[in-house]
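Peer 1: Numbering (my numbering), first residue to last: 15 to 241.
No residue lacks a Cβ here, since even glycine has one placed at the ideal position from N, Cα and C.
All values derive from a computational prediction rather than experimental measurement.
Below are the structure tokens for one structure; questions will follow.
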């Protein structure tokens with residue numbers, strides 16, 4: 015018997031076979047072993063010699079249908095579908111033992127599917143954040159410049175006095191003054207008007223020039239020019 019195990023190939027497609035009877039090397043094209051006469055199996059078809067297959071069958075690769083649909087639906091801006099099929103397609107490729115391709119295509123579909131949602135969330139943030147900042151005024155308390163009309167009015171140069179405790183009092187009074195402290199220009203026109211509560215200036219302070227035009231509204235330490 016001749017062992018039909020390949021020992022090597024030479025020019026012209028000749029293989030060396032090993033004779034099981036005498037152990038000598040013989041050509042695959044010989045009809046029998048030249049040493050012992052043992053017959054050689056038919057090797058006209060090289061691919062039938064064990065271990066000598068020159069054209070092995072390669073399994074055909076298949077592209078995932080779900081990956082294709084995911085990409086196409088993503089390009090068409092169809093919501094949800096590219097995301098669902100993209101995840102399913104990537105799972106199918108992972109479990110196929112390399113017989114199914116299309117993972118990159120499914121990934122592209124996923125990106126296209128999630129992109130509109132990402133843009134919507136970012137756009138919503140740009141709208142809501144400035145609106146919130148504007149609504150709460152950066153958490154600063156609102157300064158209301160209300161009028162001093164209807165309050166008790168006293169001339170701060172003639173009827174009020176500023177004492178050592180840092181409070182305004184009506185002359186001869188032991189109670190801190192509450193009302194509107196006013197002052198006048200030499201011609202008798204209004205010069206200033208200050209809101210006072212429990213002897214302390216608060217809120218609105220108004221000032222006028224000699225022509226009677228309102229110069230501005232002073233809120234403690236900040237001046238609001240008259241529009």
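Should the region 127-138 be called in touch with the region 167-181, which here means at least 3 C-beta pairs below 8 angstroms?
Peer 2: The region 127-138 vs the region 167-181: no contact.
Peer 1: Please name the residue in 213, 167, 141 whose C-alpha comes closest to that of residue 197.
Peer 2: Position 183 of the chain shown holds residue 197. The shortest Cα separation from residue 197 among 213, 167, 141 belongs to 167.
Peer 1: Note the first and the last residue of the continuous beta strand (DSSP E) segment covering residue 181.
Peer 2: Here residue 181 is taken as the residue at index 167 of the chain shown, counted from 1. It is not in any beta strand (DSSP E) - residue 181 carries neither H nor E in the DSSP assignment.
Peer 1: Let me confirm a value: residue 177 is counted as buried when at least 16 other C-beta atoms fall within 10 Å, else exposed. Which label applies?
Peer 2: Within the chain shown, residue 177 is the residue found at index 163, counting from 1. Exposed, because fewer than 16 other Cβ atoms sit within 10 Å of the Cβ of residue 177.
Peer 1: Please report the straight-line C-alpha distance between residue 104 and residue 133, rounded to a whole angstrom.
Peer 2: Here residue 104 refers to the residue found at position 90 of the chain shown. Here residue 133 refers to the residue found at position 119 of the chain shown. Cα-Cα distance, rounded: 24 angstroms.
Peer 1: Thinking C-beta only, is residue 118 closer than 7 angstroms to residue 96?
Peer 2: As a working note, residue 96 is residue 82 in the chain shown. As a working note, residue 118 is residue 104 in the chain shown. Contact flag unset, no.
Peer 1: Between which residues of its own chain and residue 207 is the CB-CB distance below 6 angstroms, once the five residues before and five after are set aside?
Peer 2: Along the chain shown, one-based indexing puts residue 207 at 193. Answer for residue 207: 162, 194, 196, 220, listed in chain order.
Peer 1: Using the Cα positions of residue 32 and residue 98, report the straight-line distance between them to the nearest angstrom.
Peer 2: As a working mapping, residue 32 is identified with position 18 in the chain shown. As a working mapping, residue 98 is identified with position 84 in the chain shown. C-alpha separation (whole angstroms): 60 angstroms.
Peer 1: In whole angstroms, what is the alpha-carbon distance linking residue 13 and residue 211?
Peer 2: Nothing about residue 13 can be reported from this structure: the residues present for the chain run from 15 to 241 only.
Peer 1: Compute the Euclidean distance between the alpha carbons of residue 39 and residue 30, then round it to the nearest angstrom.
Peer 2: As a working mapping, residue 39 is identified with position 25 in the chain shown. As a working mapping, residue 30 is identified with position 16 in the chain shown. Taking the straight line from one Cα to the other gives about 6 angstroms.
Peer 1: Let me know if residue 80 comes out buried or exposed under the rule of 16 or more other beta-carbons within 10 Å of its beta-carbon.
Peer 2: Indexing the chain shown from 1 puts residue 80 at position 66. Result: buried.
Peer 1: Can you grab the Cα-Cα spacing for the pair residue 127 / residue 82, in whole Å?
Peer 2: As a first step, residue 127 must be located in the chain shown, where it is residue number 113. As a first step, residue 82 must be located in the chain shown, where it is residue number 68. Residue 127 and residue 82: Cα-Cα distance of roughly 13 angstroms.
Peer 1: Go ahead and label residue 202 buried or exposed: buried means 16 or more other beta carbons lie within 10 angstroms of its beta carbon, across all protein chains shown.
Peer 2: As a first step, residue 202 is located in the chain shown; it is residue number 188 there, counting from the start. Residue 202 is exposed by the Cβ-count criterion.
Peer 1: Could you give the C-beta distance for residue 75 and residue 115, rounded to a whole number, given that I count them as a contact under 8 angstroms?
Peer 2: As a first step, residue 75 is located in the chain shown; it is residue number 61 there, counting from the start. As a first step, residue 115 is located in the chain shown; it is residue number 101 there, counting from the start. Confirmed, Cβ separation roughly 5 angstroms.
Peer 1: According to DSSP, is residue 224 part of a helix, a strand, or is it coil?
Peer 2: In the chain shown, the residue the question calls residue 224 occupies position 210. Coil at residue 224, not helix or strand.
Peer 1: Using a threshold of 7 angstroms, state whether the C-beta atoms of residue 53 and residue 42 are closer than that.
Peer 2: Taking the chain shown and counting its residues from 1, the one referred to as residue 53 is at position 39. Taking the chain shown and counting its residues from 1, the one referred to as residue 42 is at position 28. Their beta carbons are not under 7 angstroms apart, which means residue 53 does not touch residue 42 by this criterion.
Peer 1: Which residue marks the beginning of the alpha helix (DSSP H) containing residue 209, and which one marks its end?
Peer 2: Here residue 209 is taken as the residue at index 195 of the chain shown, counted from 1. Residue 209 -> not in any alpha helix (DSSP H); beta strand (DSSP E) instead, spanning 204-211.
Peer 1: Would you tell me roughly how many angstroms separate the C-alpha atoms of residue 121 and residue 143, rounded to the nearest one?
Peer 2: On the chain shown, residue 121 is found 107 positions in, with the first residue counted as 1. On the chain shown, residue 143 is found 129 positions in, with the first residue counted as 1. Those two C-alpha atoms are separated by around 32 angstroms.
Peer 1: With 16 other CB atoms within 10 Å as the buried threshold, where does residue 109 fall?
Peer 2: The residue given as residue 109 occupies position 95 in the chain shown. Classification for residue 109: exposed.
Peer 1: Could you spell out the range, first to last residue, of the beta strand (DSSP E) harbouring residue 196?
Peer 2: Here the question's residue 196 lines up with position 182 in the chain shown. Element bounds for residue 196: 193-198.
Peer 1: Would you say residue 218 and residue 224 are within 7 angstroms of each other, going by their C-beta atoms?
Peer 2: Here residue 218 refers to the residue found at position 204 of the chain shown. Here residue 224 refers to the residue found at position 210 of the chain shown. For residue 218 and residue 224, no; Cβs fall outside 7 angstroms.
Peer 1: Please classify residue 180: is it buried, with 16 or more other beta-carbons within 10 angstroms of its beta-carbon, or exposed?
Peer 2: Locating residue 180 in the chain shown gives position 166, counting from the first residue. Per the 10 Å Cβ criterion, exposed.
Peer 1: Should residue 131 be labelled buried (16 or more other beta-carbon atoms within 10 Å of its own) or exposed?
Peer 2: Working through the chain shown from its first residue, we reach residue 131 at position 117. Residue 131 is exposed by the Cβ-count criterion.
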